Amino acid sequence: MFPGLAAAPLIYIRTRQGKMPQGRKMATAKIEPHMVMADAQGNIYDDPDLLMVCRRGEEWGTPRPDELMPLPEESELFLLPGRRAVGLNPGTGEIERTEDLAVAAFAAPAHTLSAHPAYTSDADAPLLPLFAYGAVGFARGRFYICARKVDADQRQEFRHIPRSRIEKNVRALLRRFPGNRLVGHILEDCVMKYDCPAARNFALGRFEAPLPSSRTCNARCVGCISEQDKDSPINVTPQCRLTFTPTPEELAEVMSFHASRETKTPIYSFGQGCEGDPLMNPDLLVESVRLFRSRGGAGTVNCNTNASRTEAVERLARAGLSSIRVSLNSARPDVYERYYRPHGYSFDDVRRSIAVARQNGLWVSLNLLFFPGVTDSEGELEALARLVGENGVSMIQWRNLNIDPEWYLGLMRGIDHGPVMGLSLFMKRLKKLCPWLRFGYFNPYVGEKAELTAPLPGQWRMPDLSVADAPLAGPASEDAAGEADTEAEE
Numbered sequence: 001m002f003p004g005l006a007a008a009p010l011i012y013i014r015t016r017q018g019k020m021p022q023g024r025k026m027a028t029a030k031i032e033p034h035m036v037m038a039d040a041q042g043n044i045y046d047d048p049d050l051l052m053v054c055r056r057g058e059e060w061g062t063p064r065p066d067e068l069m070p071l072p073e074e075s076e077l078f079l080l081p082g083r084r085a086v087g088l089n090p091g092t093g094e095i096e097r098t099e100d101l102a103v104a105a106f107a108a109p110a111h112t113l114s115a116h117p118a119y120t121s122d123a124d125a126p127l128l129p130l131f132a133y134g135a136v137g138f139a140r141g142r143f144y145i146c147a148r149k150v151d152a153d154q155r156q157e158f159r160h161i162p163r164s165r166i167e168k169n170v171r172a173l174l175r176r177f178p179g180n181r182l183v184g185h186i187l188e189d190c191v192m193k194y195d196c197p198a199a200r201n202f203a204l205g206r207f208e209a210p211l212p213s214s215r216t217c218n219a220r221c222v223g224c225i226s227e228q229d230k231d232s233p234i235n236v237t238p239q240c241r242l243t244f245t246p247t248p249e250e251l252a253e254v255m256s257f258h259a260s261r262e263t264k265t266p267i268y269s270f271g272q273g274c275e276g277d278p279l280m281n282p283d284l285l286v287e288s289v290r291l292f293r294s295r296g297g298a299g300t301v302n303c304n305t306n307a308s309r310t311e312a313v314e315r316l317a318r319a320g321l322s323s324i325r326v327s328l329n330s331a332r333p334d335v336y337e338r339y340y341r342p343h344g345y346s347f348d349d350v351r352r353s354i355a356v357a358r359q360n361g362l363w364v365s366l367n368l369l370f371f372p373g374v375t376d377s378e379g380e381l382e383a384l385a386r387l388v389g390e391n392g393v394s395m396i397q398w399r400n401l402n403i404d405p406e407w408y409l410g411l412m413r414g415i416d417h418g419p420v421m422g423l424s425l426f427m428k429r430l431k432k433l434c435p436w437l438r439f440g441y442f443n444p445y446v447g448e449k450a451e452l453t454a455p456l457p458g459q460w461r462m463p464d465l466s467v468a469d470a471p472l473a474g475p476a477s478e479d480a481a482g483e484a485d486t487e488a489e490e
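Pasting the structure below:
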């Protein structure tokens with residue numbers, strides 16, 4: 001048992017762990033974590049006789065050497081109700097089921113999960129809430145997770161910032177902007193109720209400011225974190241939907257104030273977890289951006305969206321938008337539609353919007369909702385490379401899909417994904433096919449107008465897929481998957 005650690009159903013435990021020796025890479029020494037489990041009282045143990053087992057889609061196995069890293073600080077541990085921990089008996093080679101409860105890890109921002117925990121579910125196991133569940137084990141006196149650090153940006157690290165400082169800023173800003181409903185929502189709801197990282201950064205006057213604006217959406221995402229259908233099995237969403245529509249003046253005031261405090265790399269983003277899709281109200285966004293720019297507003301104005309409305313994207317580009325981030329779980333229409341359940345648009349509209357954004361000089365990121373065993377498959381690799389190359393995507397943000405793993409696999413039943421290759425190899429092969437791609441986790445600062453290296457629509461041709469399998473040479477071979485540090489140092 002680990003003293004001081006206790007778990008309850010989806011009550012998190014923040015973690016702090018020591019550093020790995022400097023210079024040690026993840027794969028330089030063989031690590032074989034033990035299985036982690038929790039008893040009925042919520043105490044977390046490891047089993048020294050059973051090895052950690054993880055899951056990638058329908059495949060179970062031990063972690064690959066290149067996917068284990070120490071559990072990052074500010075991560076969380078979850079007990080999984082109605083799910084029994086399983087481990088590999090190294091003596092017999094058999095997977096053994098225990099009567100103890102399975103444990104999962106919710107990785108800190110900037111980390112992408114490469115595997116889910118393996119477990120067996122009781123017949124009456126409840127549906128898991130909308131979080132991302134990473135495979136976790138214990139070795140050498142610390143927890144390990146199947147994940148990769150994909151972004152070195154520290155914008156969502158708060159461990160050195162006292163909560164009292166954030167709350168003091170909240171009170172001061174509420175007094176300063178008593179008539180701005182959007183400021184009130186960001187501070188009173190997003191900061192104080194939901195602990196939203198973007199909202200906390202607005203309170204602190206740094207990095208990226210949120211601009212929620214839409215009460216409605218034309219997708220019915222299975223894992224929507226702000227609003228579910230009445231017949232949805234999800235009883236509680238992590239956030240509540242915005243209840244008013246801000247005015248252009250309220251939005252422009254938030255942007256201008258944030259610009260006055262974050263003077264180096266200000267970013268302002270429409271499209272937040274507490275709202276629908278911002279393109280549902282394009283007139284509001286266009287007027288807000290124009291108003292901000294007319295007052296000398298500098299920095300990156302970004303829109304996080306499902307990209308369902310191509311005309312709105314083009315209008316925003318002309319008004320002064322800098323970048324767009326398009327959320328999707330897959331570049332394959334059938335996989336996309338089973339999760340997003342679009343209403344009044346199709347995946348072809350999304351593709352057209354991406355192309356139009358690139359043609360109008362916008363930096364285009366994909367907010368790729370990664371699901372181990374489905375996303376990192378042969379079928380997805382070709383589809384994603386074509387979407388990126390043929391439409392001029394500049395960046396992929398490797399985000400985790402927040403959903404009960406078994407529920408999602410059920411949604412995808414009947415679709416042949418092909419062989420699974422793992423997150424790291426998937427990233428490397430995609431980079432070979434689309435070498436201009438930038439990888440990360442957060443919206444980048446690109447100034448008011450981005451410098452683009454992504455090809456214009458129609459300029460790129462899909463290479464032979466064998467190119468993606470060819471050995472890497474030169475500096476790129478050290479980390480073809482991007483700029484993130486792969487050392488196991490947290």
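Take the sequence shown: its letter number 446 is residue 446 in the UniProt record's numbering, and every next letter is one higher. Note that beta-carbon positions come from the ideal geometry of N, C-alpha and C, so glycine has one too. Predicted model only: the values in this text are computed from it and were never measured.
The three-state secondary structure of MET52, taken from DSSP, is strand. Ranked by Cα distance from ARG171, the options ARG159, GLY184, PRO162 and GLY447 are led by GLY184. Going by C-alpha positions, GLY93 is about 26 Å away from SER424. Proximity to ASN304 across ALA383, GLN397, PRO372 and GLY379 peaks at GLN397, based on C-alpha coordinates.
Within 10 angstroms of the beta-carbon of LYS230 lie fewer than 16 other beta-carbons, which makes it exposed. Counting only the Cα atoms, ASP49 lies some 45 Å from ALA199.
Taking a C-beta distance under 9 Å as the contact criterion, PRO72 and LYS149 qualify as a contact pair. Runs of the alpha helix (DSSP H) lying entirely within the segment 220-307, each at least 4 residues long, are 248-261 and 282-294 in chain order.
Rounded to the nearest angstrom, the gap between the Cα atoms of ALA85 and THR375 is 25 Å. Under the three-state reduction of DSSP output, PHE158 falls in the coil class, being neither helix nor strand. In this structure, the beta-carbon distance from ALA355 to GLY389 does not fall below 9 Å. Short of 7 Å from the beta carbon of TYR345, and not among the five residues preceding or following it, lie these beta carbons of its own chain, in chain order: ASN218 and SER308.
CA-to-CA, the gap between ILE95 and ASP195 works out to about 39 Å.
About 7 Å separates the Cβ atoms of GLY361 and ALA317, confirming a contact at the 8 Å cut-off. Its chain contains GLU73 and GLU74 as the residues whose beta carbon lies nearer than 7 Å to that of ARG159, once the 5 sequence neighbours on both sides are disregarded; these appear in chain order. Per DSSP, VAL150 is not a residue of any alpha helix (DSSP H), being assigned neither H nor E. Apart from sequence neighbours up to five positions away, the residues of its chain that approach ASP334 with a beta-carbon distance below 8 Å are ILE415, ordered along the chain. Classified as buried, THR300 has 16 or more neighbouring CB atoms from the shown chains inside 10 Å of its CB. DSSP places SER213 outside both helix and strand once states are collapsed to three, so it counts as coil.
Note on geometry: alpha-carbon atoms of GLY418 and VAL53 lie some 22 Å from one another. Under the Cβ criterion (8 Å, minimum of three pairs), the segment 153-169 does not count as touching the segment 420-439. In the three-state reduction of the DSSP assignment, VAL335 falls in the helix class, which pools H, G and I. In the three-state reduction of the DSSP assignment, ASP469 falls in the helix class, which pools H, G and I. When the five nearest sequence neighbours on each side are left out, the beta carbons in the same chain lying within less than 7 Å of the beta carbon of PRO246 are those of ARG181, LEU182 and SER213, in order along the chain. Inter-residue distance for SER327 and ALA118 is about 27 Å (C-alpha atoms, whole angstroms). The secondary-structure analysis by DSSP pairs ALA139 across a beta bridge with ARG142.
DSSP lists LEU366 and PHE439 as the beta-bridge partner residues of ILE396. In chain order, ARG181 place their CB closer than 7 Å to the CB of PHE244, counting only its own chain and leaving out the 5 sequence neighbours on each side.
Exclusion of the five residues before and after MET280 leaves SER214, THR216, CYS217 and ASN218 as the residues of its chain whose Cβ lies within less than 7 Å of its Cβ. In the structure shown, the three-state DSSP call for THR112 is strand.
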